[in-house]
DNA sequence: CCATGCGTTTCATTATATGAAACCGGGTTT
DNA sequence: AAACCCGGTTTCATATAATGAAACGCATGG
């Protein structure tokens with residue numbers, strides 16, 4: 001076992017303990033021990049350290065542990081961050097590393113969608129589209145998302161833009177939209193570019209307003225429909241997390 | 001050196017690193033090392049652990065470290081807490097342990113103030129007042145705070161209630177109010193109870209609305225005017241932190 | 001009164017965190 | 001270019017410090 005550890009086990013364990021509080025707001029020592037698969041004694045010591053630094057406190061009534069005020073302090077100094085494109089980048093990289101495909105971020109600007117951030121897949125064959133690119137809003141997974149979750153007014157506009165096309169087209173369009181808003185994500189296969197496929201999910205800010213679409217895209221032979229469905233929930237989760245960062 | 005350590009040093013250090021981000025949103029490894037008085041190598045290992053668990057990430061541009069999304073996750077699950085009296089209790093205990101005096105929390109209800117939470121000094125001689133007690137709004141440090149930082153309408157009401165008293169009284173009252181709102185805290189010595197003194201600071205929620213007054217009180221011989229002034233900033237800080245927890 | 005469950009403490013044993021020093025890469029200066 | 005500096009990263013010998021089994025204290029309640 002020489003897979004050189006460049007991390008500190010005790011710290012990782014302590015952080016696991018903190019992470020346990022994503023599910024529950026209050027946990028007893030033994031509950032924590034159970035969740036983290038650590039021995040009581042260890043958890044106790046770790047909790048003592050966390051409590052000493054005010055990362056957790058005990059509810060004097062229930063004797064259980066909960067997150068301490070230091071988390072607030074950190075979170076406070078955190079939300080005032082600046083450029084969303086930069087803020088969201090780390091999370092996008094996480095997703096890229098997890099799925100191995102290019103991840104992009106789009107916003108809607110009138111009848112266009114603009115690619116405001118991207119982290120490239122590091123695989124040999126990959127989709128490329130420059131940051132800042134202005135793309136049509138009528139094709140592509142992210143476009144659909146940006147429409148399906150937009151205010152109804154925007155949707156009306158888009159529908160009117162379809163004026164020239166047949167009633168069947170319109171109907172299909174409407175059905176697609178309802179489906180997307182139902183499942184929470186959209187897919188596209190070779191819509192804008194031959195050989196390219198993508199999944200996209202909406203990003204809502206803390207005020208529940210649609211602000212962007214998060215898209216994962218790759219070559220359609222590698223990025224099959226099954227794979228896309230398989231990854232959808234993960235992408236949606238990432239989008240949710242990202243949304244929480246935006247006010 | 002047998003002062004039994006029931007804490008884990010590595011963890012404490014890691015938490016110190018996290019705490020460093022209360023001041024700055026972005027720090028480089030060496031900056032952190034300087035602040036925490038730890039050796040580069042150690043910081044590096046600790047940061048690797050923190051990064052692995054997504055408590056910090058690196059801004060891909062600047063190569064510097066910043067807080068990771070796990071902090072958001074935690075903070076998110078944190079803010080939905082329920083009863084302010086319970087939420088704020090740990091922070092009040094901190095203050096009590098630091099100053100050694102009884103800490104109370106008051107809200108205004110019409111022409112009264114209500115004590116909604118308290119953590120007692122553990123010293124022999126101590127001020128006592130039961131939770132839920134409804135007290136007059138015209139005397140006491142916390143009363144003054146609850147008036148001085150209230151909407152002007154409330155202040156007008158209180159002033160009208162002083163109708164019967166002389167113009168000099170009124171003027172003195174107004175001057176006191178402006179002073180309090182200027183310095184951010186109020187004091188009282190033997191106003192409501194002989195032998196008792198108190199300092200109070202306002203608690204504003206995240207919407208900058210006055211929601212409560214935080215008071216520290218003790219016997220006036222022990223809790224002198226000098227001591228009160230000395231502790232004022234600490235009390236104000238605690239009140240600020242507590243306010244951040246309330247939406 | 002004895003079981004049960006939880007938090008806390010002790011303690012020997014060894015894994016494991018530590019920090020000095022060396023290393024690496026990329027800028028900047030000479 | 002060579003030399004230098006300055007971040008970040010890795011290595012490695014050392015003893016420090018984290019570990020977990022077990023025991024303890026202390027409630028609660030069967």
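Residue numbers (our numbering), protein chains in the order written: chain A, 1 to 247; chain B, 1 to 247.
Quick reminder that beta carbons are idealized off the backbone N, C-alpha and C, glycines included.
Beta-carbon spacing of residue i, residue j below 8 Å
{"i": "residue 137 of chain B", "j": "residue 113 of chain B", "result": "yes"}
{"i": "residue 146 of chain B", "j": "residue 108 of chain B", "result": "yes"}
{"i": "residue 205 of chain B", "j": "residue 247 of chain B", "result": "yes"}
{"i": "residue 150 of chain B", "j": "residue 210 of chain B", "result": "yes"}
{"i": "residue 57 of chain B", "j": "residue 66 of chain B", "result": "yes"}
{"i": "residue 76 of chain B", "j": "residue 64 of chain A", "result": "no"}
{"i": "residue 228 of chain A", "j": "residue 187 of chain A", "result": "yes"}
{"i": "residue 41 of chain B", "j": "residue 14 of chain B", "result": "no"}
{"i": "residue 198 of chain B", "j": "residue 216 of chain B", "result": "yes"}
{"i": "residue 29 of chain A", "j": "residue 11 of chain A", "result": "no"}
{"i": "residue 169 of chain B", "j": "residue 159 of chain B", "result": "no"}
{"i": "residue 19 of chain A", "j": "residue 134 of chain B", "result": "no"}
Min CB distance residue i to chain A below 8 Å
{"i": "residue 202 of chain B", "result": "no"}
{"i": "residue 130 of chain B", "result": "no"}
{"i": "residue 207 of chain B", "result": "no"}
{"i": "residue 85 of chain B", "result": "no"}
{"i": "residue 193 of chain B", "result": "no"}
{"i": "residue 190 of chain B", "result": "no"}
{"i": "residue 153 of chain B", "result": "no"}
{"i": "residue 71 of chain B", "result": "yes"}
{"i": "residue 77 of chain B", "result": "yes"}
{"i": "residue 35 of chain B", "result": "no"}
{"i": "residue 31 of chain B", "result": "no"}
{"i": "residue 127 of chain B", "result": "At residue 127 of chain B the pLDDT is 49, less than 50, meaning the model places this residue with poor confidence; the figure from the coordinates comes in the next sentence. Not an interface residue."}
{"i": "residue 8 of chain B", "result": "yes"}
{"i": "residue 216 of chain B", "result": "no"}
Proximity winner among the options, relative to residue i (alpha-carbon distances)
{"i": "residue 21 of chain B", "options": "B/11, B/38, B/63, B/68", "result": "B/68"}
{"i": "residue 220 of chain A", "options": "A/101, A/233, A/25, A/18", "result": "A/101"}
{"i": "residue 93 of chain B", "options": "B/75, B/117, B/78", "result": "B/117"}
{"i": "residue 214 of chain B", "options": "B/195, B/242, B/42, B/207", "result": "B/242"}
{"i": "residue 222 of chain B", "options": "B/99, B/59, B/70, B/84", "result": "B/99"}
{"i": "residue 180 of chain B", "options": "B/43, B/132, B/135, B/232", "result": "B/232"}
{"i": "residue 236 of chain A", "options": "A/18, A/197, A/182", "result": "A/182"}
{"i": "residue 201 of chain B", "options": "B/212, B/195, B/74", "result": "B/212"}
{"i": "residue 47 of chain A", "options": "A/121, A/169, A/189, A/17", "result": "A/17"}
{"i": "residue 111 of chain A", "options": "A/156, A/105, A/86", "result": "A/156"}
{"i": "residue 38 of chain A", "options": "A/23, A/196, A/9", "result": "A/9"}
{"i": "residue 132 of chain A", "options": "A/115, A/23, A/121", "result": "A/115"}
{"i": "residue 59 of chain A", "options": "B/190, B/31, B/119, B/59", "result": "B/119"}
{"i": "residue 207 of chain B", "options": "B/36, B/55, B/74, B/240", "result": "B/240"}
Neighbour-count burial assignment, residue i, 16 or more Cβ in a 10 Å radius
{"i": "residue 72 of chain A", "result": "buried"}
{"i": "residue 53 of chain A", "result": "buried"}
{"i": "residue 6 of chain A", "result": "exposed"}
{"i": "residue 127 of chain B", "result": "Here the model assigns residue 127 of chain B a pLDDT of 49, short of 50, so the residue's position is not dependable and the matter cannot be decided."}
{"i": "residue 90 of chain A", "result": "buried"}
{"i": "residue 130 of chain B", "result": "exposed"}
{"i": "residue 125 of chain A", "result": "Because residue 125 of chain A sits at a pLDDT of 49, beneath the cut-off of 50, its placement in the model cannot be relied upon, and the following sentence gives the value as read from the coordinates. That one is exposed."}
{"i": "residue 140 of chain B", "result": "buried"}
{"i": "residue 218 of chain A", "result": "buried"}
{"i": "residue 174 of chain A", "result": "exposed"}
{"i": "residue 84 of chain B", "result": "buried"}
{"i": "residue 165 of chain B", "result": "exposed"}
{"i": "residue 172 of chain B", "result": "exposed"}
{"i": "residue 167 of chain A", "result": "exposed"}
{"i": "residue 121 of chain A", "result": "buried"}
{"i": "residue 104 of chain A", "result": "buried"}
{"i": "residue 142 of chain A", "result": "buried"}
Contact with chain B by residue i, beta-carbon distance below 8 Å
{"i": "residue 74 of chain A", "result": "yes"}
{"i": "residue 105 of chain A", "result": "no"}
{"i": "residue 49 of chain A", "result": "yes"}
{"i": "residue 67 of chain A", "result": "yes"}
{"i": "residue 226 of chain A", "result": "no"}
{"i": "residue 45 of chain A", "result": "yes"}
{"i": "residue 253 of chain A", "result": "Outside the displayed span of chain A (1 to 247) sits residue 253 of chain A, for which this structure offers no information."}
* Select from the region 51-63 of chain A all residues with a C-beta closer than 8 Å to any C-beta belonging to chain B, and list them in chain order. => 52, 53, 54, 55, 57, 58, 59, 60, 61
* Residues of the region 86-102 of chain B with Cβ closer than 8 Å to any Cβ of chain A, in chain order -> 86, 89, 90, 91, 93, 94
* Mind listing which residues of the region 18-29 of chain A have their C-beta closer than 9 Å to chain B's C-betas, in chain order? -> 18, 19, 21, 22, 23, 24, 25
* To do: Using a Cβ-Cβ cut-off of less than 7 Å, list which residues of the region 231-244 of chain A approach chain B; keep chain order.
  => 241, 244
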